[in-house]
Amino acid sequence: MSFSICVAQCTDSLAATMDDQARIMQSIGGVSLAGHSVQGGMALPPPHGHDGTDGDGRKQDIGDILHQIMTITDQSLDEAQAKKHGLNCHRMKPALFSVLCEIKEKTGLSIRGAQEEDPPDPQLMRLDNMLLAEGVAGPEKGGGSAAAAAAAAASGGAADNSIEHSDYRAKLTQIRQIYHTELEKYEQACNEFTTHVMNLLREQSRTRPISPKEIERMVGIIHRKFSSIQMQLKQSTCEAVMILRSRFLDARRKRRNFSKQATEILNEYFYSHLSNPYPSEEAKEELAKKCSITVSQVSNWFGNKRIRYKKNIGKFQEEANLYAAKTAVNAAHAAAAAVQNSQANSPTTPNSGFQMKDEEFQLDSAESKNTLLSNMFTGSSGSFSLPNSGDMFLSMQSLNGDSYQGAQVGANVQSQVDTLRHVISQTAGYNDALGGNPMYSQHNLNANGGWQDATTPSSVISPTEGPGSVHSDTSN
DNA sequence: ACTAATGATTATTA
DNA sequence: TAATAATCATTAGT
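All the letters of the first sequence, read from the start, carry residue numbers 2 to 477 under our numbering.
Right, dumping it as structure tokens:
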């Protein structure tokens, strides 16, 4: 028992100085023997047996033996081996052994309640889960930083974003590597230590009674000690990951403005779908591809744009006009191409896709304006009522704006557009000419309330109210 | 330096 | 769950 305590203490010191195994290994021999002698001292006479009643030579003999045991560690290894051999062959050895067995029996220090402790430590589980989630533990995913770098290189504009990402991953890999090497080291040390202790105990079992169960228990103690060290490692690894993560999150706040081209594309889509600026998932993907940004960036952009547009429509008038004109020109080209091809339902040019969309947009916006008008008259225009009252007529005019665009396109095209419209309306859930993607989300149908009320796609012709007009809203 | 613009994040909502 | 609204933090124009 005392021996096991000593070993446990040793493992404590081991936790402190993992690197100095040899020293610990050595010390364990010394301490254990010393501890043994303490226990022996309780039941047996002291080494030199100077109790006055000592008339018996046997006791002297035992005293000598114990003394030798005590001093065995002070001698060199060879000497000690020889002494040990001598002791083992001593005629008193079996007697001493049986005495020890008896003592052990009496003191009842056998393995009691070996407490098969295996309630998985909740904290350890938490740590494990977190490490697993963060990709530190568990299977290596992806090609690590190499794959990240490759992806960054491949995706052009998105590289900026990925560079930071790969940086993060590189650091994570570093942590991961350290974690694994340390874990391996611990494992190895644990095994070495266990075998060492087991050998030691087996060796000692020749001089004192040690049951296999005790050895097992000892191994259990050692393993528990090592797993507590492991937990420390896991804990500090978790901390490191958390720190890295927080830094990365901070870094992620850094932003870069999208390229002019990207904003152009996004704005084009936004203003040509002003009545329902909610791109479907597919549309988002396409926009993301075109702009070399991620889908979530597209979502962010539209979220921001919608809210900012709605907040201060006046401010965006100029922009709206600009893009409306642009799309009108596009539509004109597309329509012209459609006329030339006179193949309304098999659009092959990229522009024809736009043309269709524009057509749809115009329909939409006309409708939305109508609903808007009725809403306005019933007095349900919400926060925009005051500033928009002036825009009312402009909104009406913007209906003409459509026809204005049509006029721009050319009256002769109008009939063709009409046939197109027919084709479109006939083709239930028609697809985008570009990739067969449905460019309109279902929001088209059910988003009337929120957006269209607030939105007042104002006149393309008249840039009436300047940006600084009296919109009650005060932007930051 | 100050401010507007803008991309991203967070909390709330339907 | 996606959209909104508010807010943060950086960029960019003056």
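Even for Gly, the Cβ is constructed at its ideal location relative to N, Cα and C.
Have a look at residue i and residue j and give me their C-alpha separation to the nearest angstrom.
i	j	result
residue 327	residue 262	14 Å
residue 187	residue 306	55 Å
residue 284	residue 330	22 Å
residue 315	residue 336	31 Å
residue 446	residue 235	Legend: pLDDT at residue 446 = 30, less than 50; position of this residue unreliable, value from coordinates given subsequently. Each residue's Cα considered, the two are about 53 Å apart.
residue 333	residue 136	53 Å
residue 91	residue 102	17 Å
residue 180	residue 93	53 Å
residue 237	residue 279	45 Å
residue 69	residue 81	10 Å
residue 241	residue 121	24 Å
residue 352	residue 260	Any reading at residue 352 must be qualified, since the residue scores a pLDDT of 33, below 50, and its modelled position is unreliable; the value itself is stated next. Taking the straight line joining both Cα atoms gives about 22 Å.
residue 452	residue 309	12 Å
residue 203	residue 243	46 Å
residue 123	residue 212	33 Å
residue 323	residue 313	17 Å
residue 129	residue 172	19 Å
residue 302	residue 325	19 Å
residue 75	residue 100	25 Å
residue 77	residue 217	30 Å
residue 79	residue 60	28 Å
residue 290	residue 321	23 Å
Quick one: is residue i buried, meaning 16 or more other Cβ sit within 10 Å of its Cβ, or exposed?
i	result
residue 83	exposed
residue 178	exposed
residue 277	buried
residue 147	For residue 147, the predicted model reports a pLDDT of 44, less than 50, meaning its position is unreliable and no value from the coordinates is stated.
residue 86	exposed
residue 133	exposed
residue 298	buried
residue 193	exposed
residue 215	buried
residue 319	exposed
residue 381	With a pLDDT of 31 at residue 381, under the threshold of 50, the modelled position of this residue cannot be trusted, and the question is left open.
residue 288	buried
residue 255	exposed
Hey, could you find the ends of the alpha helix (DSSP H) residue i is sitting in?
i	result
residue 126	123-135
residue 302	296-312
residue 268	261-273
residue 82	78-89
residue 289	282-292
residue 138	Note, residue 138: premise wrong, no alpha helix (DSSP H); not H, not E.
residue 255	Counting along the chain, residue 255 falls outside any alpha helix (DSSP H), and DSSP gives it neither H nor E.
residue 208	Element bounds for residue 208: n/a, residue is neither H nor E.
residue 278	No alpha helix (DSSP H) holds residue 278; DSSP gives it neither H nor E.
residue 316	Per DSSP, residue 316 belongs to no alpha helix (DSSP H) and is neither H nor E.
residue 99	94-108
Excluding the five sequence neighbours on either side, which residues of its own chain have a C-beta within less than 7 Å of the C-beta of residue i, listed in chain order?
i	result
residue 131	239
residue 286	296
residue 66	88, 91, 93, 97
residue 205	211
For residue i, which residues of its own chain have a beta-carbon under 8 Å away from its beta-carbon, when the five flanking residues on both sides are left out?
i	result
residue 195	220, 223, 224
With distances taken from CA atoms, which of the options is nearest residue i?
i	options	result
residue 304	317, 290, 271	271
residue 182	212, 138, 171, 201	138
residue 97	133, 210, 325	210
residue 317	176, 215, 243, 268	268
residue 227	95, 189, 339, 289	189
residue 233	126, 323, 255	126
residue 88	62, 257, 323	62
residue 281	295, 300, 294, 290	300
residue 176	245, 66, 99	245
residue 479	229, 311, 213	Given a span of 2 to 477 for the chain in the structure shown, any question on residue 479 remains unanswerable.
residue 184	206, 231, 296	231
residue 95	76, 67, 207, 75	207
residue 174	140, 124, 213, 66	140
Less than 6 Å between C-beta atoms, sequence neighbours within five positions excluded: which residues of the same chain meet that for residue i?
i	result
residue 292	263, 266
residue 105	210
residue 108	none
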